[in-house]
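Residue numbers (numbering that gives the first Met the number 0), protein chains in the order written: chain A, 0 to 339; chain B, 0 to 339; chain C, 0 to 320; chain D, 0 to 320.
Think of the CB as a built atom: it goes at the ideal place given N, C-alpha and C, for glycine as much as any other residue.
Being a predicted model, the structure only gives us computed values, none of them experimental.
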Amino acid sequence: MSEVVKSRPGAERDQGREIVKAYRTMLAARVLEEKLAALYRGGKIKGGVFLGRGQEALSVAVGQNLRPGDIFAPLIRDQAGRMAFGDTILDTLRTYLGSSLGSMRGRDGNIHRGRPREGYYAMISHLGAMIPVVTGGLLARRLQGQSGVVGATCIGDGGTSTGAFHEGLNAAAVEKLPLVVVVANNQYAYSTPNSRQFACADLLDKAIGYGVTGHKVDGTSLADCLRVIGVAITAARAGGGPQLIVGDLLRLVGHGEHDDASYVDPTLRRKPVGQDCIELAGAYIIQQGWASAEQLANWREELETEVDATAGRVMREPEPDPADEDWSALSTRELEDHFA
Amino acid sequence: MSEVVKSRPGAERDQGREIVKAYRTMLAARVLEEKLAALYRGGKIKGGVFLGRGQEALSVAVGQNLRPGDIFAPLIRDQAGRMAFGDTILDTLRTYLGSSLGSMRGRDGNIHRGRPREGYYAMISHLGAMIPVVTGGLLARRLQGQSGVVGATCIGDGGTSTGAFHEGLNAAAVEKLPLVVVVANNQYAYSTPNSRQFACADLLDKAIGYGVTGHKVDGTSLADCLRVIGVAITAARAGGGPQLIVGDLLRLVGHGEHDDASYVDPTLRRKPVGQDCIELAGAYIIQQGWASAEQLANWREELETEVDATAGRVMREPEPDPADEDWSALSTRELEDHFA
Amino acid sequence: MSITYLEAIREAQAKALADDPRVFIYGQDVGTFGGAFKATKNLAKEFPGRVIDSPISEDAIVGMAIGAAIEGARPIVEMQFADFSTVGFNQIVNQAATLYYRTGVSCPIVVRLPSGGTAGSGPFHSQSMEAIYAHYPGLVVLTPATVEDAYSMLLEAIAIEDPVIFCEHKFLYYHLKAESLPAEAQPIGKARIARPGRDLTIVTYGAMVHESLAAAEEIAADGFEIEVVDLRSIKPLDTDTVLASVARTGRLLCVGEAWPWGGVCAEVIARVTAEGFGLLDAPPMRLNAKDTPVPYHPALWGTHRPTASAVAASARQLLEI
Amino acid sequence: MSITYLEAIREAQAKALADDPRVFIYGQDVGTFGGAFKATKNLAKEFPGRVIDSPISEDAIVGMAIGAAIEGARPIVEMQFADFSTVGFNQIVNQAATLYYRTGVSCPIVVRLPSGGTAGSGPFHSQSMEAIYAHYPGLVVLTPATVEDAYSMLLEAIAIEDPVIFCEHKFLYYHLKAESLPAEAQPIGKARIARPGRDLTIVTYGAMVHESLAAAEEIAADGFEIEVVDLRSIKPLDTDTVLASVARTGRLLCVGEAWPWGGVCAEVIARVTAEGFGLLDAPPMRLNAKDTPVPYHPALWGTHRPTASAVAASARQLLEI
Ligand SMILES: Cc1ncc(C[n+]2csc(CCOP(=O)(O)OP(=O)(O)O)c2C)c(N)n1
Ligand SMILES: Cc1ncc(C[n+]2csc(CCOP(=O)(O)OP(=O)(O)O)c2C)c(N)n1
Ligand SMILES: [Mg+2]
Ligand SMILES: [Mg+2]
């Protein structure tokens, strides 16, 4: 498919711009997550911290290929994709640190954030559960007469074992909705290796059983991710029905920051799948002459400054005050139940 | 594979015996179900009646290929398979009519019957739910050191859309357990045609996504059903892991006896898939000279007499008496809760 | 003209589809077939493309309704039986019920649950799950007992911005008839005095309203006047109307078809005794189904569930204290 | 030696595996990794082949446990968090809970639910689902509040022929310590007087036992003696012990960490007022979590759940009536 891209005049320049843009988003995610890890170690974050180190290329490629008006339901390790879709350093920090000014107002935290009315759905913890939700969002858009809209969501290798994954993808396939499901096959679900999670030779083998198009992508290669996910999203947008993408990569960090990932097979780290997508992307950018090593270092430094400053600002923001809460789970206040 | 069978000396005679045996079980199921339908129309059965007309060949092939000590969890339309596995005309009638002497003692009815301790699991209504249960039964057998045991269960085309189907089959595949899942692809789930149920070209396409062996069978051909399911069960028994069998056929009756199946595409009835497996099997038996048309008619007559007599007997049996019930859902009586 | 409880449900959906372009229906066999109980009969034809057959995937059905609601639609989903909503349970209680609290975006879905026992339906086609859903914050749980309420409360449910669990009772589907559909109705959240009385209050809902009314009628022959309160909505629960009734009668019997532990009866008694302890002249009492799965055989089922005569016996016992 | 609540759970499983060859453990990451909370630490090594990692498939996990139980095994399944048991809900309430009643074959499975709130865990890692499971006939629901009970009740749970929902409280995992493991224990189904008193009875369970004990201690300074009843098992619920306590004190406060509607508190109040109405000198009272999802931020969470000071405030209020 890369031929298609290269055949346009200026395509190579476009590709460079696209890759550099994605790289800077990946870097922002990486730098921000490093800060989150530091804040976690410093006891500043009360709940867990779950990072996407090693998965930035796959994730950013989803967010960057989507358009405003599309739907995106990211998962645990999608800091890069979230930012490409419009999430900010500020709101991420606010949510992790529980600022009352964050989108979740301290009611939910960390990765459980979003702005559903802007197409940016807020995941619940239950794996697989966002797949039918995005499917339903797309169904509503179709009923409203909208076309050309895509809904994307991410899931892990482990998440493919859930009934929700199965029911949601199947229902989307029956309706031929423009759903794009991106599987980050990072070899483990918490401590559980793929060999204990599924028995198919490749997760891509699932595509045919749902009657959807499957795409394989090297999750360590930013260029490959941008290209393949671009193709998939374009196909969905054009009416090709659901697309299943499987990206192979390795989680380069613990399941959460409490976890040392000692169960990871060390040989995997030395295999191609174990490479760091950011390092590879940086080297590629330098090699292609799209930016210099100094520029890359500058970008990182700028991001570190911004992240540090934002974290400082957020830490001075007010905590949610229980007395200000109206403690209602219903938007229709008259229907609230009252307990003596 | 039929060559394998035929290459043994006397194989053809064996096959004849096997087919005739299966045919007689199918016939028993058919005659019994005709009686159930009549009883339903006569208002003698309080709940619903769900018949397997047209699915007897596929179903009987499962029951007949299993051995004592195996596990079988039949579904809605498996009267034939149940009888091949050891269920009786008597207990079927007792359960439908709610006799207190039936295996379910009036507590559950119709198709929700079994004798779990004898490997004959009693389905709950929730479709797909028996798949993990059989899988767990097989896991326990393995932990107990038993080998050479098979667990079979049936499901409809519609049931493949459930999360339970997905989770159960996947878990069985991970454990490489001898689970045999037989999909009776009867083209409809209640009124819902396959086109609204799944989008894969063939349900068999699901096998590869679970990493299990798939088998296709003509559900209208008894010989094909016995052979293919025999092969699958043998493979599972030999350690080949889960087997997924898809049998194509048509439900020749309403979803339940309340339903006239007016939604069924009439052209399907004229296609090969719409043939009646019992008629085909009877004709085949006559053609092969394994029995005469008179014998077939005699068998039916004998069965009708037996079924009528048994129904008469069961209708004179005592109903469950609420006063005799101890109304406990726990086997540990001391742990019962007491409500004032 | 005469209209059944089931027809009222169909009519409410027809009206909602006609009046509000955001409304659509999703569920197994709801399309051309019109649903297992025919609650959506002809709707697919009358409203092309808006009454959609789903696969057998309750988790996806509810999940999709939630996504559609986020995008501004008003989905009504039909479970074929309430009992199968256990498969969509996670989406209902963890996704739909939490969405507004977490994100500030409301989740206007209606989940229709054909509920409750009928003769010969057995353990998996008879359940009453209202207490399960009422336990969760973020859900509105309705239990209409009349043709009028089936109609007006379903219409109101569709209009509500929050997720509604609509427990329609299968036992009433064909039995219950009304002359016409109501033009106006009591708002959701208000209980109804189904029969006024002064000697004892029966608080109940769903099919048990009718068993309780029959019991009240029976006992009236003895000279006792029983007041029957139909809760209509079990979450929110109209404690005020219940308290006012108990203030009049001094005696409280709660009747529920569901299992006792933590059910509507327990909740009502907890409220009345906490807020109206001094109003009671006798201990509150409850009558529920027996604490076993719902049996198949009608003879067992008739003992498992409270019937008019069981309600009358409990009421007589309470009147004697 | 000192042993935590969490270690007691590990030790009970180790003992069960050692003593009974029918026992095995199935769940996510329970094998070599030892579980998300390390409740199965080293067990896979000590008992090869009997501590088995599952896929992320709660429905299959529970379903498989049921099948294994039918075949004579004694499965213990671990949910990574109680909150995820919603995905295995159907198998628990419709398959496990009905098996014995329907077929006469018992279903000895234990479902371990790491339950309850801890700071910063948010809406989906904090839930208390005991009332949901207790509503269903056919399940035993346990809520150990001490290290000793965590150990002995889990051992007993594994021995019981019926399905047990074992609600272990995450807040107690590391906090709570005991000197040693008990050799003997009260049987399941019996509540425990955690602190004797004469002025007011607090009935509670799980982590709230400790908040209530702290409240009782605080109020003791005012000269009031509060009796704290730890239910231990919420189904069956030991009404007799509760009634005997209320007979001594005349006042009842129920404290639960779960949501109020139809929770343990409602059930306890319904029983006490029905069976011991005359024992009460004041209206019964309950204190529960607020009726919203469990919030993430510790400042909100601390208000959402009952704390010692909230319990003390409620108790003081009730003492003044
Ligand atoms: C239904 C459900 N069960 C269990 C969990 C607990 N859990 C959280 S993350 C996780 C592992 C996920 O693995 P995978 O899907 O491969 O994603 P990854 O963490 O590798 O990105 C588990 C088991 C959950 N969130 N949801
Ligand atoms: C989880 C669940 N949802 C809904 C139902 C209601 N139901 C009973 S049978 C049926 C159709 C089943 O179709 P299929 O699986 O194709 O089997 P068939 O009836 O064709 O043999 C449905 C929807 C159910 N039993 N379980
Ligand atoms: Mg993974
Ligand atoms: Mg079918």
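Exercise. Per DSSP, which one or two residues make a beta bridge with F165(D)?
Worked result: R111(D) and L141(D)
For this session: Would you mind giving the Cβ-Cβ distance between S220(A) and A56(A), rounded to the nearest angstrom? I have them listed as a contact below 8 Å.
Result: 7 Å
Problem set entry | Near-chain A residues of the stretch 201-220 of chain D (beta-carbon distance less than 7 Å), N- to C-terminal order | none
For this session: Within its chain, find whatever has a CB closer than 8 Å to the CB of N109(A); leave out the 5 residues flanking it on each side and keep chain order.
Result: I44, G46, G47, V48, F49, T94 and Y95
Exercise. With respect to 8 Å, is the separation between the Cβ of D264(B) and the closest non-hydrogen atom of ligand 2 below this value?
Worked result: no
Problem set entry | Length-filtered (4 minimum) alpha helix (DSSP H) runs lying within the stretch 69-142 of chain B | 78-83, 88-96 and 129-142
Exercise. Which stretch, first to last residue, makes up the alpha helix (DSSP H) that contains E301(B)?
Worked result: A292 to M314
Problem set entry | Cβ-heavy atom distance, T117(C) to ligand 1, below 8 Å | no
Problem set entry | Simplified DSSP state of D323(B), which is helix, strand or coil | helix
Exercise. Any Cβ of chain B within less than 9 Å of the Cβ of T291(D)?
Worked result: no
Problem set entry | R236(B) to V148(B) span [Cα, whole Å] | 6 Å
Problem set entry | Heavy atom of ligand 1 within 8 Å of V92(C) beta-carbon | no
Problem set entry | is_contact[T302(D), chain A] using C-beta, thresh 9 Å | yes
For this session: Tell me whether R250(A) counts as near ligand 3, meaning its Cβ is closer than 8 Å to at least one heavy atom of that ligand.
Result: yes
Exercise. For the stretch 118-136 of chain B, which residues have a beta carbon sitting closer than 9 Å to at least one beta carbon of chain D?
Worked result: G118, Y120, A121, I123, S124, H125, G127, A128, M129, I130, P131, V132, V133, T134, G135 and G136
For this session: Kindly list, in the order they appear in chain A, the residues whose Cβ is closer than 8 Å to that of F83(D).
Result: S124 and H125
Exercise. Would C106(C) count as contacting chain D if we go by Cβ distances under 9 Å?
Worked result: no
Exercise. Interface residues of chain B around F123(C) at Cβ under 8 Å?
Worked result: H111, I123, S124 and H125
Problem set entry | Below 6 Å from a heavy atom of ligand 4 - residues by beta-carbon | G155(B), D156(B), G157(B), N185(B), Y187(B) and A188(B)
Exercise. Would you call Y132(D) buried or exposed, if buried means 16 or more other Cβ atoms sit within 10 Å of its Cβ?
Worked result: buried
For this session: Examine chain D for any beta-carbon lying closer than 9 Å to the beta-carbon of M314(B), and answer yes or no.
Result: no
Exercise. Comparing the CB of D52(D) with every heavy atom of ligand 1, is any distance shorter than 8 Å?
Worked result: no
For this session: Quickly, what does DSSP pair M284(D) with across the bridge? List them, please.
Result: L252(D)
Exercise. With respect to 8 Å, is the separation between the Cβ of G127(A) and the closest non-hydrogen atom of ligand 1 below this value?
Worked result: yes
Exercise. When you compare each of R268(A), R315(A) and S190(A) to D258(A) by their alpha carbons, which one comes out closest?
Worked result: S190(A)
Problem set entry | Proximity test, F88(C) beta-carbon vs ligand 2 heavy atom, cut-off 8 Å | no
Exercise. Excluding the five sequence neighbours on either side, which residues of its own chain have a C-beta within less than 6 Å of the C-beta of L243(B), listed in chain order?
Worked result: V180, A206, V211 and G213
For this session: Would you please verify whether the beta carbon of V139(C) is less than 9 Å from any beta carbon of chain A?
Result: yes
For this session: Compute the Euclidean distance between the alpha carbons of V3(B) and G62(B), then round it to the nearest angstrom.
Result: The predicted model places V3(B) with a pLDDT of 44, which falls under 50 and marks its position as unreliable, so this point remains unresolved.
For this session: Under 8 Å by Cβ, that's how I've got A27(A) and N89(C) pegged, so tell me the actual separation to the nearest angstrom.
Result: The Cβ separation is near 34 Å, so there is no contact.
For this session: Note down, in chain order, all residues in the stretch 203-215 of chain A with a beta-carbon under 8 Å from any beta-carbon belonging to chain B.
Result: D204, K205, A206, I207, G208, Y209, G210 and V211
Exercise. Measuring CA to CA, which of M128(C), V104(C), V227(C) and R73(C) is closest to A121(A)?
Worked result: V104(C)
Exercise. For chain A, is any of its Cβ atoms less than 9 Å away from the one on P74(C)?
Worked result: yes
Problem set entry | CB of V310(D) within 9 Å of CB of S179(D), strictly | no
For this session: Would you check if the distance between the CB atom of D206(C) and the CB atom of G116(C) is smaller than 9 Å?
Result: What sits at residue 206(C) in the sequence shown is Ala, not Asp. In this structure, G116(C) lies closer than 9 Å to A206(C) by Cβ.
For this session: Consult DSSP for A326(D) and reduce its assignment to one of helix, strand or coil.
Result: Residue 326(D) lies beyond the residue range present for chain D, which begins at 0 and ends at 320; the question has no answer from this structure.
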